[in-house]
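Chains as they are written, first to last, in UniProt numbering: chain A, 1 to 245; chain B, 1 to 245.
Number of protein chains: 2
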Amino acid sequence: MSSNQLGDRVFCSINGRYGTLASLTSAPETRVFPLGENLSFEDGASIGIPYFTACRALILKAKAKKGERLLVHGASGGVGLAAVQMGRELGLHVVGTAGTDEGISLVKATGAHEVFNHRDPKYLKNLGTEKFDIILEMLANVNLDKDLTLMNPRGRTIVVGSRGPTQINPRNLMMSESSVTGVALGTSTEEEWAELAAHVVAGTESGWVKPPVHKVYSLEEASQAHHDIIHSKGAQGNLVVRVTE
Amino acid sequence: MSSNQLGDRVFCSINGRYGTLASLTSAPETRVFPLGENLSFEDGASIGIPYFTACRALILKAKAKKGERLLVHGASGGVGLAAVQMGRELGLHVVGTAGTDEGISLVKATGAHEVFNHRDPKYLKNLGTEKFDIILEMLANVNLDKDLTLMNPRGRTIVVGSRGPTQINPRNLMMSESSVTGVALGTSTEEEWAELAAHVVAGTESGWVKPPVHKVYSLEEASQAHHDIIHSKGAQGNLVVRVTE
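Structure (structure tokens):
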């Protein structure tokens, strides 16, 4: 490391090639960033993937423009909440969805202008008649067909997560000339990593990057953490495993 | 009209608000273009929608770059053949598919580097292992799920036609960060019409715009023409109705 000194508090954004449950790790200098005094190491563990992914989706893929309407479809998880904070910072009108009362409260507290329960059978009606320029989709296999009907002309749905196949009607992309695009943080070029880092590190300094940590586990509880994230009945921010005291 | 004079041979690109079976029509000046002496009126009738749509799809939506690999999925119809000619003009490697021997011959004769029969159960294998940067999809309800597996990183599938819902696996968009975008010529702005016209009219002058006319019907045969296009067992270019002798 050159810009960082031995003993500096840092966070990093690296693909988990060897997993992240380690007390020591190595990372290229370009993926290591200063962790401000106002952020804990648990916060730091919640920045690398969620904020960089939200940034890649909103800025590099959707090319978000101030004043546009953003729907974060599944907003109470790590990437979703980061997207809500970043959407506000970019001057978007941010609408979120979550599946539990706790999730809805958290998405509201995180700054969404409006939040709806996507488990309410009437939630599409509740979303109103005004459509969206950008949709960040966390569970495409459940929501994608609906997303295609929720986009403004030239709307962009960015697929952040999907757990299987789904049925859609491609005709709904045609008259609106809207699009569906996948996002994968790991495909970033070095230039893109630098651009993402510039946005996120600036956010840690100005203060809008506030990672929502839901629960901290000890290393012994790591398998429970994995169980909880897969079987979650509704996300409420990041789950963090603390490796050393 | 100002740039065109009374009696000039012209073609036009207009949305068929009142249909196109008429001996007289009106069109805004910005949608009327000179028809070179080397082109017949039947040719002219086959330029407005197919070439402008192919141009909108390839240049404005897919942002085609020289040397990219293009798959025209369903290449033997009016838009498909226009896309093959335009793809060659843009310096793309053009692969087409068609469903009949006649269609395949026509797509080859029109300039595609390679042509495959999409009714051959092994055609995906025949396409080889090299993927595509751009796919122009004429029948998304049949092919879209396959298209998602045929794209290079940051590949773009442009949906030109679809006749119903279909199942896809959104995960295939994620690692490649590829996209699916709809196209609708009628949504073009005036600036875009001008840009499309510049490309297509230049093509009528330099000669690469050669509309493939499959059959010419009399006005009395118009209903047969509609029947034939809907029940076609495999397109072979444009069907034209001649309104006046």
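The beta carbon of each residue, even a glycine, is placed where N, CA and C say it ideally should be.
In this text, all values refer to a predicted model and were calculated from it rather than measured experimentally.
Residue interval of the beta strand (DSSP E) (run including residue 267/A):
Residue numbering for chain A in the displayed model covers 1 to 245; residue 267/A lies beyond these limits and cannot be assessed.
Proximal chain A residues relative to Val183/B, where beta-carbon distance stays under 8 Å:
Met174 and Glu177
Please find out if some non-hydrogen atom of the ligand HEM comes closer than 7 Å to the beta-carbon of Ser40/A.
Among the ligands in the structure shown, none appear at all, so the ligand HEM cannot be discussed.
Whole-angstrom distance between Ile134/B and Tyr123/B, CA atom to CA atom
Cα-Cα distance, rounded: 18 Å.
Could you list which residues in chain B have their beta carbon closer than 7 Å to that of Val180/A, in chain order?
Leu173, Ser179 and Val180
Mapping the DSSP letters down to three states, classify residue 293/B as helix, strand or coil.
Coverage of chain B is limited to positions 1 through 245, which leaves residue 293/B absent and any answer about it impossible.
Mapping the DSSP letters down to three states, classify Lys131/A as helix, strand or coil.
coil
What ranges does the beta strand (DSSP E) occupy inside the region 161-193 of chain B, keeping only unbroken runs of at least 3 residues that lie completely in it?
At a cut-off of 3 residues, the continuous stretches assigned as beta strand (DSSP E) that sit fully inside the region 161-193 of chain B are 166-168 and 179-182.
CB of Ser179/B within 8 Å of CB of Leu185/B, strictly
no
How should Lys66/A be labelled, buried or exposed, when 16 other C-beta atoms within 10 angstroms of its C-beta is the threshold for buried?
exposed
Under 8 Å Cβ to Cβ from Gln167/A, same chain only, skipping five residues before and after it: list those, please.
The beta carbon of Gln167/A sits closer than 8 Å to the beta carbons of Asp145 from its chain, once the five residues preceding and following it are set aside; these are given in chain order.
Between the region 150-164 of chain A and chain B, which residues of the former have CB atoms less than 9 Å from a CB of the latter, in chain order?
Pro153, Arg154, Arg156, Val159, Val160, Gly161, Ser162, Arg163 and Gly164
Just to confirm the assignment, what range does the beta strand (DSSP E) spanning Lys215/A have?
Run containing Lys215/A: Val213 to Ser218, per the beta strand (DSSP E) assignment.
Under the three-state DSSP convention, the category Pro34/A falls into:
strand
Would the beta-carbon of Ile49/B fall within 8 Å of that of Ser76/B?
no
Does Ala109/A come out as helix, strand or coil in the three-state DSSP assignment?
helix
N-terminal and C-terminal residue of the beta strand (DSSP E) that Gly96/B is part of
His93 to Ala98
Are the region 146-160 of chain A and the region 140-156 of chain B touching by the rule of at least three beta carbon pairs closer than 8 Å?
no
Kindly indicate which three-state DSSP category Leu70/A falls into: helix, strand or coil?
strand
Chain B residues whose Cβ lies nearer than 9 Å to that of Gln167/A
Pro165, Thr166, Gln167 and Ile168
Can you tell me whether Thr244/A is buried or exposed? The criterion is at least 16 other CB atoms within 10 Å of its CB, across all chains shown.
The residue is exposed, with fewer than 16 neighbouring Cβ atoms inside 10 Å.
Tell me the rounded alpha-carbon separation between Asn117/A and Ser232/A.
16 Å
Contacts that Thr187/A makes with chain B (C-beta to C-beta distance below 9 Å):
Pro153, Arg154, Met175, Ser176 and Glu177
By Cβ distance below 6 Å, which residues in the same chain neighbour Leu70/A in space, the five residues on each side in sequence not counted?
Gly87, Leu92, Val94 and Ile134
Between Ala140/A and chain B, is the shortest Cβ-Cβ distance under 8 Å, so that the two count as touching?
yes
How many Å lie between Glu137/B and Leu127/B at the Cα?
Answer to the nearest angstrom: the Cα atoms are 15 Å apart.
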